[in-house]
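Enquirer: Have a look at this one before I ask anything.
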Amino acid sequence: MYFTAVAATLVTLAASASAACLEQAPSAIGFPINFDITPERSDAVSFQIPPNSVGPCTLVAKFPAGYPITSTGSDLVNVAAVDGPAPGALVGALRFRAGTTVVVNSFACRDVMSYELSIAQGDGEVKFSEIQGAGLFMDVGDC
2 MYFTAVAATL VTLAASASAA CLEQAPSAIG FPINFDITPE RSDAVSFQIP PNSVGPCTLV
62 AKFPAGYPIT STGSDLVNVA AVDGPAPGAL VGALRFRAGT TVVVNSFACR DVMSYELSIA
122 QGDGEVKFSE IQGAGLFMDV GDC
């Protein structure tokens with residue numbers, strides 16, 4: 002009886018731990034990560050996903066109100082997969098705006114998840130710095 006109760010408790014704890022949400026920042030040597038996306042210059046972002054992570058893995062852009070983002074001209078940004086099951090596939094598009102949280106797309110989690118950011122069309126530029134709490138993140142798990 003005691004063993005059954007302990008086993009049930011461990012299963013419940015394991016299930017709640019696997020369903021937890023992790024906000025994973027991009028892989029980088031240091032912060033801030035400065036993004037400057039133009040038609041001539043795309044930018045890339047990669048995420049190291051912890052082993053045995055339970056998905057989904059959701060790419061999210063989060064910026065607090067008043068956060069400095071510079072946008073000029075055509076500022077729609079395409080997000081394309083660099084790796085995974087469909088390298089080069091367009092997985093989303095967004096405009097970076099302060100005071101918003103935008104879900105780009107959700108995916109099955111992999112060890113490394115990388116994306117290219119490029120101006121969708123026309124002439125434009127988008128600049129921002131990734132810091133703690135502002136920028137692109139991978140939400141891992143049930144967030």
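Heads up: the sequence shown begins at 2 in this note's numbering, then just goes up one per residue.
C-beta atoms are modelled at their ideal positions from N, C-alpha and C, and glycine is treated no differently.
#1: Expressed to the nearest angstrom, what Euclidean distance is found between the alpha-carbon atoms of phenylalanine 36 and phenylalanine 129?
#2: Compare the beta carbon distance of isoleucine 34 and glutamate 117 with 7 Å and say whether it is the shorter of the two.
#3: Under three-state DSSP, which class holds tyrosine 116?
#4: Going by the beta-carbon positions, is the gap between valine 92 and valine 80 smaller than 7 Å?
#5: For cysteine 58, which of helix, strand or coil comes out of DSSP?
#6: Taking C-alpha atoms, which residue in Asp124, Val55, Arg111 lies nearest to phenylalanine 48?
#7: Looking only at DSSP bridge pairs, what is valine 141 linked to?
#8: Do the region 42-59 and the region 85-103 touch if we need at least three Cβ pairs shorter than 8 Å?
#9: Let me confirm a value: alanine 66 is counted as buried when at least 16 other C-beta atoms fall within 10 Å, else exposed. Which label applies?
#10: Out of Ser54, Pro27, Ser28, state which residue places its alpha-carbon closest to the alpha-carbon of valine 141.
Expert: With the structure as the only source:
#1: On the sequence shown, residue 36 is found 35 positions in, with the first residue counted as 1. On the sequence shown, residue 129 is found 128 positions in, with the first residue counted as 1. Distance between the alpha carbons of phenylalanine 36 and phenylalanine 129: 5 Å.
#2: On the sequence shown, residue 34 is found 33 positions in, with the first residue counted as 1. On the sequence shown, residue 117 is found 116 positions in, with the first residue counted as 1. No, the Cβ-Cβ distance between isoleucine 34 and glutamate 117 is not below 7 Å.
#3: As a working note, residue 116 is residue 115 in the sequence shown. Looking at tyrosine 116 - three-state DSSP - the assignment turns out to be strand.
#4: On the sequence shown, residue 92 is found 91 positions in, with the first residue counted as 1. On the sequence shown, residue 80 is found 79 positions in, with the first residue counted as 1. Yes; because the gap between Cβ atoms is below 7 Å, this pair is in contact.
#5: The count along the sequence shown starts at 1 and reaches residue 58 at position 57. Cysteine 58 falls in the strand class under three-state DSSP.
#6: Against the sequence shown, residue 48 aligns to sequence position 47. The shortest C-alpha separation from phenylalanine 48 is found at Arg111.
#7: Looking up residue 141 in the sequence shown gives position 140. Residue pairing from DSSP places valine 141 in a beta bridge opposite Leu23, Cys58.
#8: The region 42-59 is not in contact with the region 85-103.
#9: Mapped onto the sequence shown, residue 66 falls at position 65. Answer is exposed; the Cβ neighbour count stays below 16.
#10: If you number the sequence shown from 1, residue 141 lands on position 140. Closest by alpha carbon: Ser54.
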